[in-house]
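One structure below.
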Amino acid sequence: MNTTAPPHRGLRDFYEDPAVPVASGTPRSLRQARMLAAALGAAGKTRRTVLDIGCGDGTAAATAAPLLSGHRIVGVDWSQDALKRARTRLPYAVRGELSGSGLPFAAASVDAVLFSEVVEHLVDPDAALDEIRRILRPGGHLMLSTPNLAAWYNRGLLLAGVQPVFSEVSLRAIHGRPGREVVGHLRLYTARALREFVAAAGFEVVRLEGAPFHGVPRPLRPLDRLACARPSLASILLLHARKTGPVQRIRPKEGNGSRPRHDPPDRP
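First residue of the sequence shown? That's -2 in my numbering, and the numbers climb one at a time after it.
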């Protein structure tokens, strides 16, 4: 089925369109919030600052708030339309970007980052993790979720020559796969790729879990929930990582015809 949307001038215009979905399913949000709550522990006398980067309409952060009682949750998004809606659900919601001028927070000033269903939309995910790492305190938590390219049903679809669910070849229409909504996915990860990508950006992977996808047809939802027991097959990947020491950049070996590269020092 081809579902056509109005043409857009570019990615920024696409995400500013109120018709573009900006919220994911509640089960994923709850599982992710429980993981973060366990990592932060009881608020007690220490009030942690948690950023929901790419907060969309604020639904995910509002779902997580009861489990993170006592901590300060701040929504961040680049879309003015999304922020307008988020401010009806969150006490704090500010505009910020993961590229260009960066996020409006000082280095090492944030305790945890919720990064839910965002990385798959980014042109430069490496720069995004660099910026998140910059604002996190040493040992700070990154809670990242993203669709799984190798979800159990995608494996079967590929064998049948069908475009995998979550993947998109156009911002204007769905081509070659099930589904109706165009959501702007540019990158997709398997469990292994996500682990390696996050570790290479200077994070220690603590835990990887699976979560169900709200778009799975109702008769198949029990099977989708069962697949969560094995993250490599699950619909959604939930990753918990912590900021580690300086990133060790890989340099080209001498004698292979390449010039030596001088990397800038790691950002504080």
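Idealized CB from N, CA, C, for every residue including glycine.
Beta-bridge pairing by DSSP links residue 72 to 49, 90. One thing to note: residue 82 has its Cβ no nearer than 8 Å to the Cβ of residue 104.
From the listed residues 144, 178, 169, the smallest Cα separation to residue 225 is found for 144. For residue 128, the closest C-alpha among the options 90, 106, 64, 147 is that of 106. Inter-residue distance for residue 218 and residue 44 is about 37 Å (C-alpha atoms, whole angstroms). The C-alpha of residue 114 is placed about 22 Å away from the C-alpha of residue 220. Between residue 110 and residue 139, the C-beta spacing is below 8 Å. Counting C-beta pairs closer than 8 Å gives three or more between the stretch 69 to 79 and the stretch 93 to 101, which meets the contact rule. About 17 Å separates the beta carbon of residue 173 from that of residue 212, a gap too long to meet the 8 Å contact definition.
When beta bridges are read from the DSSP output, residue 210 appears opposite no residue. With a cutoff of 8 Å on beta-carbon distance, residue 189 and residue 117 are scored as not near each other. About 6 Å separates the CB atoms of residue 202 and residue 196; that is less than 8 Å, so the two are in contact. When C-alpha distances from residue 230 are compared across 79, 101, 153, the shortest belongs to 153. The beta carbon of residue 102 lies closer than 7 Å to those of 132 in the same chain, with the five residues before and after it left out. Within the same chain, and ignoring the five residues on either side of residue 36 in sequence, the residues whose Cβ sits closer than 6 Å to its Cβ are 138. When C-alpha distances from residue 55 are compared across 151, 182, 78, the shortest belongs to 78. Per DSSP, reduced to three states, the secondary structure at residue 114 is coil, with no helix or strand assignment.
In this structure, residue 159 and residue 169 do not form a Cβ contact; the two beta carbons are roughly 20 Å apart against a cut-off of 8 Å. The beta carbon of residue 204 sits closer than 6 Å to the beta carbons of 237 from its chain, once the five residues preceding and following it are set aside; these are given in chain order. A check of alpha carbon separations from residue 120 across 157, 182, 149, 38 identifies 182 as the nearest. The beta-carbon separation of residue 108 and residue 47, rounded to 7 Å, stays under the 8 Å limit for a contact. Only residues of its own chain outside the window of five on either side were considered, and among them 23, 26, 27, 30 have a CB closer than 8 Å to the CB of residue 60, listed in chain order. The Cβ atoms of residue 151 and residue 135 do not sit closer than 8 Å to each other.
For residue 136, the enclosing beta strand (DSSP E) starts and ends at 133 to 144.
Counting along the chain, the unbroken beta strand (DSSP E) around residue 234 starts and ends at 233 to 240. A straight line joining the alpha-carbon of residue 187 with that of residue 147 spans about 6 Å. As computed with DSSP, residue 186 is found in a beta bridge with 145. For residue 141, the number of other beta carbons within 10 angstroms of its own is at least 16, and it is reported as buried.
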